[in-house]
Each structure stands twice: as C-alpha cells, then as structure tokens.
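*Asks:* Residue 101 in the numbering used here sits at position 69 of the sequence shown, and the numbers go up by one each step. We put the CB at the ideal spot given by N, CA and C, even for glycine.
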Amino acid sequence: MIKQGSGIFFDWYIALKAAEERKTIISIETSTEQCNPLWSVSEDEIVYGIEASLKELEALHAERSTLLWNSTSRENELVKHYKCGTLEDKFFNKKEIPTEMVHNIEEFRAANIREKLNYDIFTQRNYRMARRMDEVFRQKSNHIVFVAIGAGHFFGDNSVLRHLQRKGYIVQQIGENDKMYLLNHKCTSSSKAKIQTCMEKRARVE
33 MIKQGSGIFF
43 DWYIALKAAE
53 ERKTIISIET
63 STEQCNPLWS
73 VSEDEIVYGI
83 EASLKELEAL
93 HAERSTLLWN
103 STSRENELVK
113 HYKCGTLEDK
123 FFNKKEIPTE
133 MVHNIEEFRA
143 ANIREKLNYD
153 IFTQRNYRMA
163 RRMDEVFRQK
173 SNHIVFVAIG
183 AGHFFGDNSV
193 LRHLQRKGYI
203 VQQIGENDKM
213 YLLNHKCTSS
223 SKAKIQTCME
233 KRARVE
C-alpha cells in the first residue's frame with residue numbers, strides 16, 4: 033500500500049512490475065466502468081451534490097490546516113494497519129459515503145443521493161469485480177494470481193472479499209512480515225495467518 037504523494041500510484045506500480053516481469057495483466061474493470069461509475073445518479077443530482085460540496089468546502093476553508101492534519105493522520109493510520117494486517121471493517125466502513133460534504137443538502141435528498149452513490153461506487157462494483165475475479169481464478173487455476181484493488185472494496189457485507197467467501201473461497205489476512213509458501217493445492221494456515229485469498233492453488237502463511 034502506497035500513500036498519496038509518495039511518487040506513484042499503487043496500481044500503476046504493480047502494472048509496471050508485471051510488465052517488467054512479462055506477466056499477463058488482466059483488468060477487472062473496463063475504462064468505461066471506471067470513468068463513468070455513477071449509473072444511478074441523475075445529472076441534476078450530481079450537479080446538486082457538487083454545488084453543496086463546494087459550499088461546504090468554502091465554509092471549511094478556515095479550518096483547512098486542521099482538516100489536512102486529520103486527513104494525513106488517518107492516512108498514516110490506514111497504512112500502518114494495512115502493513116500490519118490489522119485492518120478491520122469498523123476502521124474503514126464504506127457502508128455509506130461520508131456526510132461532511134453534504135450538510136447543506138436537504139436531509140432526505142442527501143440520504144437518497146448518498147445511497148445511490150454507495151450503490152454505484154461500492155456495492156455494484158464490488159459484486160462485478162468479485163464475479164470477474166472468480167472467472168479469472170477458474171480460468172487460471174494452475175497459476176498464481178495477484179489482484180490489486182482499493183482498500184475501500186475490502187470491507188463491509190458487500191465487499192469483494194465477502195462476495196468471494198460466498199463463492200466458496202477462503203480469505204486470510206496477512207501481515208507485512210508474514211511469509212507464504214505454496215502447498216500443492218492444499219490450504220493450511222498457522223496462527224499468524226492474517227488477507228490472502230486461498231484459491232485452487234493454495235498457500236500457507238507463516
């Protein structure tokens with residue numbers, strides 16, 4: 033996991049490494065799906081939400097330094113837990129879109145827009161990505177598959193990991209210092225096992 037401002041995006045870094053090692057790269061989302069994710073939200077609702085967000089940002093401008101400090105602190109905490117394998121649902125709850133930017137929108141309309149945004153950005157995409165990952169795992173059952181997705185898709189009842197579990201996959205979390213060894217299609221794990229999807233080609237974590 034690489035923080036913003038560290039020089040390169042994580043997915044771009046992974047793609048470069050894969051290309052250098054001549055590995056096959058498969059996209060689990062199309063460019064159209066990534067660039068146009070808001071299928072449920074109307075144009076009027078998008079404009080309304082943007083205007084409300086801009087007003088809120090103007091109101092918070094005086095507190096900018098405090099907000100930046102809080103953002104950096106939370107980012108550092110997220111990276112720390114990610115590396116240690118101790119991230120939990122409650123730390124990164126993506127059940128709903130943060131409400132800080134929509135205080136000036138009528139509550140009912142704001143709730144409706146947030147629900148649609150949550151469905152488009154997380155629920156629908158998580159299901160679609162999990163389905164495509166399952167297809168790749170089955171097609172590449174004799175290969176090791178590395179998948180990179182944003183941390184926001186890891187948590188909640190409709191997360192990518194939950195969808196994979198419902199399809200029969202075993203999901204284990206790993207820490208920064210854990211070591212993995214292939215086990216010829218059998219899956220076992222030690223007490224230190226922490227996020228590794230155990231597929232047809234299984235892995236042990238020590």
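Would you say ASN158 and ASN190 are within 8 Å of each other, going by their C-beta atoms?
*Replies:* yes
*Asks:* Can you tell me the Cα-Cα spacing of ARG54 and ALA47, whole angstroms?
*Replies:* 10 Å
*Asks:* Of the choices ALA180, MET165, ASP76, whose alpha-carbon is the least far from that of LYS199?
*Replies:* The shortest C-alpha separation from LYS199 is found at MET165.
*Asks:* Please report the residue range of the beta strand (DSSP E) in which GLN204 lies.
*Replies:* 202-204
*Asks:* Let me make sure I understand the geometry here. Which of HIS175, GLU147, ILE181 has the alpha-carbon closest to that of VAL73?
*Replies:* GLU147
*Asks:* Using the three-state DSSP reduction, which class does GLN41 fall into: helix, strand or coil?
*Replies:* Sequence check: residue 41 is Phe here, not Gln. Reduced to three states, the DSSP call for PHE41 is coil.
*Asks:* Are there 16 or more other CB atoms within 10 angstroms of the CB of ALA178, so buried, or fewer, so exposed?
*Replies:* Checking the sequence, you will find Phe at residue 178 rather than Ala. Counting Cβ neighbours within 10 Å, PHE178 comes out exposed, since fewer than 16 surround it.
*Asks:* Have a look at ILE82 and LEU70 and give me their C-alpha separation to the nearest angstrom.
*Replies:* 13 Å
*Asks:* What does a CB cutoff of less than 8 Å around VAL192 pick up in its chain, not counting 5 residues either side in sequence?
*Replies:* ASN158, MET161, ALA162, MET165, ILE181, HIS185, PHE186
*Asks:* Please classify ARG70: does DSSP put it in a helix, a strand, or coil?
*Replies:* In the sequence as presented, Arg is not what sits at residue 70; that position holds Leu. Three-state DSSP puts LEU70 in coil, outside helix and strand.
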